[in-house]
Amino acid sequence: MIDRLRSMDLDRKRLKRLGLPLAVILVAFLYPSYVESLQGLPAIGDFVPALGSMVIMIVFTMMAVGLNIVVGYAGLLDLGYVAFYAAGAYMAAWFASQQFDQWTFHFGSVGISKDVPGIHLSIWLVILMAGIFTMLVGILIGLPTLRLRGDYLAIVTLGFGEIIPQFVRNGDNVFGFDLTHGTFGISPIDSPGFGESLNGALGLPVSYQQSFDRARLFYLTALLLLLVTVFCSVRLRDSRLGRAWIAIREDETAAAAMGVPLMRTKTWSYALGAFFGGVAGAFYASFKSGAFPADFFFNISVFLLCMVILGGMGSVWGALLGGMILGYLNVEGLATIGSKFNEAGVNFDPTKYQFGIYGFIIVVMMLFRPSGLITERRHKQELEEGTADTPHYDVTHEGSDTDRNPSDD
Amino acid sequence: MAAAALTQSLDRLRKSGLTDIFGYALLAVFAVWLIGNFVQDPKEFIQVGLIGLTNGLIFGLVALGYTLVYGILQLINFAHGDVFALSGLVASTMIVSVLGLEKDASVLAILGGMLLTLVVIMALFAFVNVTIEFVAYRRLRSAPRLAALITAIGMSFIVQNVSLALYDVNFRSVPSFIPRSEAFAVAGISYSWNKLAVVAITLPVLVFLTWFVTSTKQGKAMRAVAQDTEASAMMGIDVNRTISVTFAIAGALAGAAAIVYLLQFNMRYDTGFELGLIAFTAAVLGGIGNLSGAVLGALVIGFIQAFNEGLTWYTPGSDWTRSIVFGILIAILVFRPEGLLGERTPEGA
């Protein structure tokens, strides 16, 4: 009897815990069916984002969730996340376009004739490849730099975030080989899709770009990718690895003493955070059907960081919320507000000052609510009680002390 | 698992001293490149080197601002580069619109005007920098270090957008009232007046700063707070005031650097971002927190930039300048985190 009561209680708890997310997912999946009626509403209709804008918002939110793994979970400030975005986008550009027209290779490509030159792999495969490639880039960046302490690490990642886009911009003549097509970027990139045979068997769309339902298809796919990202992110947080990240964030020395391998754990956070950046980049490149070097600049890294901070560092739901809010402002919101200002006769264009606005949000959040909109319990505790972010002993050089402040203990 | 294996092998490499060898190999390649270029065209090499020296001095003024603040707060003050840009823009307004200095004004008017601008801008931006510290960083002094760093990034964007709001996206410049003609020439290598002006402004500032930090009571207090904040507070040093003074000096240096920069180049709202990163790299290269290190690092970066953009023998060219500067930054942090002149601290390694 008691057991049954207890299990009912548990069920109710689980329902409570899952109820809200399930409701949000349902509302999100039905968005294409009611977006037009929402846009028809009088006062707020103008502020409702179109499906195409939603895709971009979701892509950036995915990157925010990925960045949250590095910044939020492991407490490593990464100012070069845009490098992973670029790496993912260019993977799609290399393996699903006519860039390398000296070869012709098709594998699962949709919507184009088989004799089009260039490497054309299925976008689904390319997205996965982009994730793995970006993961390797993350490991390569991480290995020499992750032993550096917080602010040095931030600067080095910033450096990589600047080098990779410059490489992309100048990469049209790498020893005579046109790798990235320089400032022009690479376009068009193949569309996602399932091809004729799957269309015949299951009714799945042949090619997104050529479909009449283009926006809805991209939206649903983006949403699915985001769900997978969030699911992985939550599971990672609760895994052995995730607990190791949080331990390192709170006190590196204590974590090392408990047997957490510092370098390996940090590298994994980099690699896994990068993975989602690569996936998002590749998907976005396929959505826009192009990869352009002008898209990858430092401000994007700060923009993503701002999402994580606004939402609450370390909180997946926070990254989601922050990502959607700022993504909305970036894609449509500020422009809409600007046009409202214009109608009211005020000459002020908020899109021009968008990065100033993000900077303002960062400063205000850090000063007045550093734990973000959706507070993660552990992180709040750290902010109140302080973390020991300087290790006691210099673990890389045996027998030497660090300048850790005794008041931290 | 691959990551773990790689980590271990990297650790082994480090212990075996192979990274050191790799570092020296890099240096050797660099030396060969320098010598090769010198042999190709010695005159051009020295001419370009003089450009590098001048630019290096400007970077040095900005780098000192980073290194002073880092030394005392362990904070990378991202906003510093943007304060530099804003001060340059305001200085251009003052020179062009307020004072109305023209190209053909008398020498006395030019000297007086420049001096007045220098004093006003340095004072104004000392105040601006102190305000930034007071508003944004003071509350976070006991917060985790990354909190202050993130705030500094936000502050950088705010200052940059203030410049954007005030001056829009156009480039600003001042009339070339200091002639770009030859000041002197030795064996066919010339040095122009406007470059000489850079040296004439920068060197006294550097001398004054060195005197201030090493010989005054306030400078001593700064060094004490940098070493140990709590202990110096116990010794009766007003820590808040000392930090404010540091920010004031950094702001004044940014103002001076901006005026010197204006004598040679155009500026706009985002000039400070790139230059700030270069200057920060210079500060790290010299050993962050170390004043003479910052100037040395800045000179090295200035030379490298000038050689890269001005020489011809196996030179990547200006398209790659940013990558090269960051490459140096990364190499320094990996091979010698304490910088050229810094002492080995646990900070980096």
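Residue numbers (our numbering), protein chains in the order written: chain A, 1 to 409; chain B, 1001 to 1349. Glycine is no exception: its CB is placed at the ideal position from the N, C-alpha and C atoms.
In chain C, what lies closer than 7 Å to A/G278 by C-beta?
Absent from the structure is chain C; the protein chains it does hold are A and B.
Among all the DSSP beta bridges, which residues are the ones paired with B/R1139?
Numbered from 1 along the second sequence, position 139 holds the residue referred to as residue 1139 of chain B. Answer by DSSP bridge pairing: none, since B/R1139 is not bridged.
Excluding the 5 residues flanking B/A1063 on each side, which residues of the same chain have their C-beta closer than 8 Å to its C-beta?
Counted from its first residue, the second sequence places residue 1063 of chain B at position 63. So the qualifying residues of the chain are A1279, F1280, A1282, A1283, G1286, A1294, V1295, G1297, A1298.
Measuring only the C-alpha atoms, how far is A/L77 from A/F160?
As a first step, residue 77 of chain A is located in the first sequence; it is residue number 77 there, counting from the start. As a first step, residue 160 of chain A is located in the first sequence; it is residue number 160 there, counting from the start. Roughly 13 Å separates the two Cα atoms.
Mark B/G1098 as exposed unless 16 or more other C-beta atoms lie within 10 angstroms of its C-beta, in which case mark it buried.
The residue given as residue 1098 of chain B occupies position 98 in the second sequence. Correcting the residue identity first, residue 1098 of chain B is Val in this sequence and not Gly. Under this definition B/V1098 is an exposed residue.
Would you identify the three-state DSSP class for A/T104, choosing helix, strand or coil?
The residue labelled residue 104 of chain A in the question sits at position 104 within the first sequence. Here A/T104 sits in strand by DSSP.
Which chain B residues sit within Cβ distance under 8 Å of A/F355?
Working through the first sequence from its first residue, we reach residue 355 of chain A at position 355. Those within 8 Å of A/F355 in chain B are F1157, Q1160, N1161.
Measure how close the beta-carbons of A/A282 and A/A89 come, nearest whole angstrom, since I'm counting them as under 8 Å.
Against the first sequence, residue 282 of chain A aligns to sequence position 282. Against the first sequence, residue 89 of chain A aligns to sequence position 89. A/A282 to A/A89, Cβ: 6 Å. Contact.
Looking at chain B, is there any beta carbon in it that lies within less than 8 Å of the beta carbon of A/P293?
Residue numbering aside, residue 293 of chain A sits at position 293 when the first sequence is read from its first letter. It does not: the Cβ of A/P293 has no partner Cβ on chain B nearer than 8 Å.
Against A/N170, what residues of chain B qualify as contacts under a CB-to-CB distance less than 7 Å, listed in chain order?
Position 170 of the first sequence, counted from the first residue, corresponds to residue 170 of chain A. Those within 7 Å of A/N170 in chain B are D1319, W1320.
Can B/D1082 and B/S1173 be called in contact, C-beta distance under 8 Å?
Within the second sequence, the letter at position 82 stands for residue 1082 of chain B. Within the second sequence, the letter at position 173 stands for residue 1173 of chain B. Taking 8 Å as the Cβ cut-off, B/D1082 and B/S1173 do not qualify as a contacting pair.
Taking a cut of 7 Å between CB atoms, which residues from the stretch 152–170 of chain A lie near chain B?
Here the close residues are Y152, A154, I155, V156, G159, E162, I163, Q166, F167, N170.
Quick check on A/F410 - is its C-beta less than 8 Å from some C-beta in chain B?
Limits of chain A in this structure are 1 at one end and 409 at the other, which puts residue 410 of chain A out of reach.
Could you tell me the distance, in whole angstroms, from the CA atom of B/L1291 to the CA atom of B/F1212?
In the second sequence, counting from the first residue as 1, residue 1291 of chain B sits at position 291. In the second sequence, counting from the first residue as 1, residue 1212 of chain B sits at position 212. Rounded to the nearest angstrom, the two C-alpha atoms are 12 Å apart.
Examine chain A for any beta-carbon lying closer than 8 Å to the beta-carbon of B/S1323, and answer yes or no.
Position 323 of the second sequence, counted from the start, is the residue given in the question as residue 1323 of chain B. Chain A contact via Cβ: present.
Quick one: which chain A residues come within Cβ less than 7 Å of B/G1023?
Against the second sequence, residue 1023 of chain B aligns to sequence position 23. Here the premise fails: no neighbours, minimum Cβ distance about 12 Å.
In this structure, how does DSSP classify A/I56 when only helix, strand and coil are distinguished?
Working through the first sequence from its first residue, we reach residue 56 of chain A at position 56. Reduced to three states, the DSSP call for A/I56 is helix.
Restricting to Cα atoms, I'd like to know which of A/I337, A/S53, A/H181 is closest to A/V346.
One-based indexing of the first sequence puts residue 346 of chain A at position 346. Closest option to A/V346, Cα to Cα, is A/I337.
According to the neighbour-count rule (16 or more other Cβ atoms, all chains shown, within 10 Å of its Cβ), is B/I1021 buried or exposed?
Sequence index remark: in the second sequence, residue 1021 of chain B carries index 21 (1-based). It is exposed - the Cβ of B/I1021 has fewer than 16 other Cβ atoms within 10 Å.
Under 8 Å between C-beta atoms, does A/G412 make it to chain B?
The first residue shown for chain A is 1 and the last is 409, placing residue 412 of chain A beyond what the model contains.
Where do the N-terminal and C-terminal ends of the alpha helix (DSSP H) with A/E332 fall, by residue?
Numbered from its first residue, the first sequence carries residue 332 of chain A at position 332. That residue, A/E332, is in no alpha helix (DSSP H); it is neither H nor E in DSSP.
Please tell me whether B/D1191 and B/L1333 are closer than 8 Å, where the distance is taken between their beta carbons.
Here the question's residue 1191 of chain B lines up with position 191 in the second sequence. Here the question's residue 1333 of chain B lines up with position 333 in the second sequence. Inspection of the sequence shows that residue 1191 of chain B is occupied by Tyr rather than by Asp. Not closer than 8 Å, so no.
Would you call B/V1039 buried or exposed, if buried means 16 or more other Cβ atoms sit within 10 Å of its Cβ?
Stepping through the second sequence from its first residue, residue 1039 of chain B is reached at position 39. Exposed is the call here.
Whole angstroms are fine: how far does the CA of B/I1121 sit from the CA of B/L1277?
As a first step, residue 1277 of chain B must be located in the second sequence, where it is residue number 277. As a first step, residue 1121 of chain B must be located in the second sequence, where it is residue number 121. Their backbone Cα atoms lie some 22 Å apart in a straight line.
Report yes or no: is there a C-beta of chain B within less than 8 Å of the C-beta of A/T145?
Position 145 of the first sequence holds residue 145 of chain A. Interface residue, yes.
On the three-state DSSP scale, how would you describe B/M1001?
Walking along the second sequence from the start, residue 1001 of chain B turns up at place 1. In this prediction, B/M1001 has a pLDDT of 47, which is less than 50 and means its spatial position is unreliable; what the coordinates show is noted afterwards. The answer is coil: DSSP assigns B/M1001 none of H, G, I, E or B.
Nearest to A/L329 by alpha carbon, out of A/I357, A/S315, A/A43?
Here residue 329 of chain A is taken as the residue at index 329 of the first sequence, counted from 1. It is A/I357.
Mind reading off the beta-carbon distance from A/G318 to A/G372? Whole number of angstroms is fine, and I expect it under 8 Å.
Counted from its first residue, the first sequence places residue 318 of chain A at position 318. Counted from its first residue, the first sequence places residue 372 of chain A at position 372. The pair is a contact, with the Cβ atoms about 5 Å apart (cut-off 8 Å).
Is the stretch 1206–1220 of chain B touching the stretch 1030–1037 of chain B in the sense that three or more CB pairs, one from each, lie closer than 8 Å?
These segments do not touch.
Any residues in the stretch 1227–1252 of chain B with a beta carbon nearer than 8 Å to a beta carbon of chain A? Which ones, in chain order?
So the list reads E1230, given in the order they occur along the chain.
Helix, strand or coil for A/G399? Go by DSSP, reduced to three states.
Reading the first sequence from its first residue, position 399 is the one you call residue 399 of chain A. Note on A/G399: pLDDT 48, under 50, position unreliable in the model; no value is reported.
Give me the residue from B/T1151, B/L1340, B/L1068 with the minimum Cα distance to B/I1132.
On the second sequence, residue 1132 of chain B is found 132 positions in, with the first residue counted as 1. Taking only the C-alpha atoms, the option nearest B/I1132 is B/T1151.
Is the number of C-beta pairs between the stretch 1174–1194 of chain B and the stretch 1091–1106 of chain B that are closer than 8 Å three or more?
The stretch 1174–1194 of chain B, when compared against the stretch 1091–1106 of chain B, does touch it at the 8 Å Cβ threshold.
Counting contacts by CB-CB distance shorter than 8 Å, is A/P370 in contact with chain B?
Here the question's residue 370 of chain A lines up with position 370 in the first sequence. It does: the Cβ of A/P370 has a partner Cβ on chain B nearer than 8 Å.
In whole angstroms, what is the alpha-carbon distance linking B/A987 and B/A1221?
The first residue shown for chain B is 1001 and the last is 1349, placing residue 987 of chain B beyond what the model contains.
Just checking: is the beta-carbon of A/I362 within a distance shorter than 8 Å of some beta-carbon in chain B?
Taking the first sequence and counting its residues from 1, the one referred to as residue 362 of chain A is at position 362. Chain B contact via Cβ: present.
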